[in-house]
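Chemist: I'd like to ask some things about the structure below.
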Amino acid sequence: MQRALVEVLLLSVTAGVLGSWIVLRRLAFYTHAIGTAAFPGLVLAVPWGIPAQAAALGTALGFAGALDRLTRSGRAATDSATGLLLVGFFAVGVVLASDVFEAGAGVDRLLFGSLLGVSELDLWLTAAAAVGALALNAALWRPLLTAGFDPSAARALGVPATTADWLLLVAIACAAVVALEAVGALLVIGVLVMPAATVRLVARSVPELQIATAALAALQGVAGLWLAATLNVGPGPTISVLGGAVFAAAALFLAGRRRLAR
Amino acid sequence: MSRGGSRLVEVSDLGGGYAPGAEALSDTSFAVEAGMILAVLGPNGGGKTTLFRALLGELPIRRGHVEVRGRPAYVPQTERARLDFPVSAVEVVLMGAYGRTAWYRRVARADRGAANAALERVGLADRAGVRFGQLSGGQRQRVLIARALMQDAAVLLLDEPLSGVDTASAERIETLLSDLRGQGRAVLVATHDVDQARRWDRVLCLSGRQVAFGPPAETLTTSVLRATYGAELVELDDGRYGVRVDHHSHGT
Chain A
3 MQRALVEVLL LSVTAGVLGS WIVLRRLAFY THAIGTAAFP GLVLAVPWGI
53 PAQAAALGTA LGFAGALDRL TRSGRAATDS ATGLLLVGFF AVGVVLASDV
103 FEAGAGVDRL LFGSLLGVSE LDLWLTAAAA VGALALNAAL WRPLLTAGFD
153 PSAARALGVP ATTADWLLLV AIACAAVVAL EAVGALLVIG VLVMPAATVR
203 LVARSVPELQ IATAALAALQ GVAGLWLAAT LNVGPGPTIS VLGGAVFAAA
253 ALFLAGRRRL AR
Chain B
402 MSRGGSRLVE VSDLGGGYAP GAEALSDTSF AVEAGMILAV LGPNGGGKTT
452 LFRALLGELP IRRGHVEVRG RPAYVPQTER ARLDFPVSAV EVVLMGAYGR
502 TAWYRRVARA DRGAANAALE RVGLADRAGV RFGQLSGGQR QRVLIARALM
552 QDAAVLLLDE PLSGVDTASA ERIETLLSDL RGQGRAVLVA THDVDQARRW
602 DRVLCLSGRQ VAFGPPAETL TTSVLRATYG AELVELDDGR YGVRVDHHSH
652 GT
């Protein structure tokens, strides 16, 4: 339980920093896709005797590279290409898990994670991802802000927008991979995107969005762990359900307040 | 600041485009000197923004050459910016200093002062802390122009800065353009407004290629406007001509 608590707090830092950029840059679908696309890597890790995180990262980066090639060639729009590759990678993972390696018993853990089973290595990797996200945020703040706000003028303003965009996509891939062990391939978005999407409803600046997102992610993580222990259910899904409920409540509250103000 | 006399932009026999085998703009040759405002006229899709992309070094050039003094400042159409992005007016203006600030340094205090001064110059000093998306269309345009002022560039490219802005903003922007001309900068303005173009120094008419270039009095003839706008050119009741662009007309 102690490790689970440390894990969610470390993930909160990444969620605050990267989650905000994910929401601002409209990369939520990419984040979901890259988490799910890592599935075949996780299946292969056990029979091939390689670390699960390394296999997942390799697959996720392969997904990102394929997506880049497909969208640059102009053969498919970004969302279509993401959907196509997501299904392709996931289907390969299912075939590998069910028919080739018969790893059915571990599939639930791969898809939904096991927050209570995180190892010390997982904690170190999550900490490294959090530090990496903070470093990226500090170094690339200006290009990310400029390219996000006004992509048509970013190059003319002299900022390395293309490099920053690429590094952001790689950082999201790394963050999604380290979150896999805790919340699984299908629930990565619950940790990395939901808190930022909620805070986005009220945030007035990017720093405010990042700080408040980290705080909300930590709060939801700790509350989700407590709820899961109390109700004897999985912590990953509980945190995601809680995140969805908080988002819905915030959106409804704001909509009601706007209606009253009219 | 004086940059008088010299050519700041020189384009000869330019041809280029994004799609393989297709040229978005061709056969374009012109020059802009310091202290000059060039109106770039043409229908939507006629190559105005493509020309600016070429001057910014972002268009694959297949023929000819382009020379621009320094890195131009670019003011895009306001709808290209994200209105839902949580940035204030002064933060947007500060982006004009990013290109000269090393990634490991904070934006200089002098640049922060310059950003406030640029906002004051466009008449928006009291709106510095307001979110960009909450400003009116004309105010947003003025903020983007203030950002270009921050770049302190010899050449400025403005993509339809007067389209859909309120009268107060239009007047302020026109005064600013005159000031920039007086400072010896070269200002290229994409516009649909032919009346406005008559008041500036040179006119470049584009319709996928260069139709005409020269002083407004010699260039803005009926035949040139017909060749530039085709069916978009309409004859008004008083015998003048108008250009039908996005459901409104501009007199000629």
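Top to bottom, those sequences are chains A and B.
If you read the first sequence in our numbering, its first letter stands for residue 3, the second for the next number, and so on.
If you read the second sequence in our numbering, its first letter stands for residue 402, the second for the next number, and so on.
Ideal placement from N, C-alpha and C gives every residue a C-beta, glycine not left out.
Can you tell me the Cβ-Cβ gap for Val523 of chain B and Leu577 of chain B, rounded? I've got them flagged as a contact below 8 Å.
Modeler: Yes, Val523 of chain B and Leu577 of chain B are in contact; Cβ-Cβ is about 7 Å, under 8 Å.
Chemist: Taking a cut of 8 Å between CB atoms, which residues from the stretch 77–107 of chain A lie near chain B?
Modeler: Hits within the stretch: zero.
Chemist: Threshold first: 4 residues or longer. Then list the alpha helix (DSSP H) segments lying entirely within the stretch 438–507 of chain B, N to C.
Modeler: Runs of the alpha helix (DSSP H) inside the stretch 438–507 of chain B: 449–456, 490–495.
Chemist: Does any residue of chain B bring its CB to less than 8 Å from the CB of Ser267 of chain A?
Modeler: Outside the modelled stretch of chain A, which goes from 3 to 264, sits residue 267 of chain A, for which no answer is possible.
Chemist: Can you name, in chain order, every residue of its own chain whose Cβ lies under 6 Å from the Cβ of Gly238 of chain A, other than the five neighbours on each side?
Modeler: Hits under 6 Å: Phe114, Gly115, Leu117, Val185, Gly186, Leu189.
Chemist: Between which two residues does the beta strand (DSSP E) carrying Asp560 of chain B extend?
Modeler: Run containing Asp560 of chain B: 556–560, per the beta strand (DSSP E) assignment.
Chemist: To the nearest whole angstrom, what separates the beta carbons of Ile347 of chain B and Gly417 of chain B, a pair I think is in contact under 8 Å?
Modeler: Residue coverage of chain B in this structure runs from 402 to 653, which leaves residue 347 of chain B outside it and unanswerable.
Chemist: Have a look at Leu87 of chain A and Arg528 of chain B and give me their C-alpha separation to the nearest angstrom.
Modeler: Roughly 45 Å separates the two Cα atoms.
Chemist: Please classify Ala591 of chain B: does DSSP put it in a helix, a strand, or coil?
Modeler: If DSSP states are grouped into helix, strand and coil, Ala591 of chain B belongs with the strands.
Chemist: Please state whether DSSP places Arg599 of chain B in a helix, a strand or coil.
Modeler: Reduced to three states, the DSSP call for Arg599 of chain B is helix.
Chemist: Pull up the distance between the alpha-carbon of His648 of chain B and that of Pro562 of chain B, whole angstroms please.
Modeler: Since pLDDT at His648 of chain B reaches only 41, below the 50 mark, its modelled position is unreliable, and the value read off the structure follows with that caveat. Near 18 Å, if we compare the C-alpha coordinates of Pro562 of chain B and His648 of chain B.
Chemist: Tell me which residue opens and which closes the beta strand (DSSP E) that Thr622 of chain B is part of.
Modeler: Element bounds for Thr622 of chain B: n/a, residue is neither H nor E.
Chemist: Per DSSP, Cys606 of chain B forms a beta bridge with which residues?
Modeler: B:Leu442, B:Ala613.
Chemist: Short check: CB of Ala549 of chain B to CB of Leu409 of chain B, under 8 Å?
Modeler: In this structure, Leu409 of chain B does not lie closer than 8 Å to Ala549 of chain B by Cβ.
Chemist: For chain B, find out if any of its Cβ atoms is closer than 8 Å to the Cβ of Leu218 of chain A; answer yes or no.
Modeler: No, Leu218 of chain A lies away from the interface with chain B (no Cβ there is under 8 Å from its Cβ).
Chemist: According to the Cβ coordinates, are Val595 of chain B and Val644 of chain B closer than 8 Å?
Modeler: Taking 8 Å as the Cβ cut-off, Val595 of chain B and Val644 of chain B qualify as a contacting pair.
Chemist: Between the alpha carbons of Leu452 of chain B and Leu426 of chain B, how many angstroms are there, rounded?
Modeler: So the alpha carbons of these two residues sit roughly 7 Å apart.
Chemist: Anyone know if the C-beta pair for Leu256 of chain A and Ala135 of chain A falls short of 8 Å?
Modeler: Contact flag unset, no.
Chemist: Name the chain B residues whose beta carbon is nearer than 9 Å to that of Leu147 of chain A?
Modeler: What Leu147 of chain A touches in chain B: Phe486, Val488, Glu492, Met496, Tyr499.
Chemist: Hey, would you say Thr215 of chain A sits closer than 8 Å to Ala131 of chain A, going by beta carbons?
Modeler: No, Cβ-Cβ distance for Thr215 of chain A and Ala131 of chain A is not below 8 Å.
Chemist: Could you name the residues that DSSP lists as bridge partners for Val412 of chain B?
Modeler: According to DSSP, Val412 of chain B bridges with B:Phe431, B:Val467.
Chemist: I need the DSSP call for Glu572 of chain B, collapsed to helix, strand or coil.
Modeler: Looking at Glu572 of chain B - three-state DSSP - the assignment turns out to be helix.
Chemist: Comparing C-alpha positions only, which one of A:Gly95, A:Ala163, A:Ala68 sits nearest to Ser82 of chain A?
Modeler: Ser82 of chain A has its Cα closest to that of A:Ala68, out of A:Gly95, A:Ala163, A:Ala68.
Chemist: Give the interface partners of Glu459 of chain B over in chain A, defined as CB-CB distance under 9 Å, in chain order.
Modeler: By Cβ distance, chain A contributes Arg157, Ala158.
Chemist: Determine the DSSP secondary structure at Leu426 of chain B, reduced to helix, strand or coil.
Modeler: Leu426 of chain B: strand per DSSP, three-state reduction.
Chemist: Checking the sheet assignment: what are the DSSP bridge partners for Arg513 of chain B?
Modeler: DSSP, once it has assigned bridges, lists no residue as partnering Arg513 of chain B.
Chemist: Please report the residue range of the alpha helix (DSSP H) in which Gly95 of chain A lies.
Modeler: Start and end: 80–97.
Chemist: Between which two residues does the alpha helix (DSSP H) containing Leu44 of chain A stretch?
Modeler: Per DSSP, Leu44 of chain A belongs to the alpha helix (DSSP H) from 41–50.
Chemist: Assuming contact is defined by CB atoms lying nearer than 8 Å, are Pro444 of chain B and Glu633 of chain B in contact in what I supplied?
Modeler: Taking 8 Å as the Cβ cut-off, Pro444 of chain B and Glu633 of chain B qualify as a contacting pair.
Chemist: Could you check what DSSP says for Gly539 of chain B in three-state terms: helix, strand or coil?
Modeler: Here Gly539 of chain B sits in helix by DSSP.
Chemist: In this structure, how does DSSP classify Gly236 of chain A when only helix, strand and coil are distinguished?
Modeler: It is coil, neither helix nor strand.
Chemist: Just how far apart, CA to CA, sit Ala93 of chain A and Val161 of chain A?
Modeler: Distance between the alpha carbons of Ala93 of chain A and Val161 of chain A: 39 Å.
Chemist: Helix, strand or coil: how does DSSP classify Arg534 of chain B here?
Modeler: It should be pointed out that residue 534 of chain B corresponds to Gly in this sequence rather than to Arg. If DSSP states are grouped into helix, strand and coil, Gly534 of chain B belongs with the helices.
Chemist: Rank B:Gly465, B:Leu415, B:Ala474 by C-alpha distance to the C-alpha of Asp553 of chain B and give the top, closest one.
Modeler: It is B:Ala474.
Chemist: Going along the stretch 192–207 of chain A in order, which residues come within less than 7 Å of chain B, judged by CB to CB distance?
Modeler: Of all residues in the stretch 192–207 of chain A, Ala205, Arg206, Ser207 have a Cβ within less than 7 Å of some Cβ in chain B.
Chemist: Compare the Cα-Cα distances from Arg501 of chain B to each of B:Val488, B:Asp414, B:Asp512, B:Gln478 and report the closest residue.
Modeler: Among B:Val488, B:Asp414, B:Asp512, B:Gln478, the Cα nearest to that of Arg501 of chain B belongs to B:Asp512.
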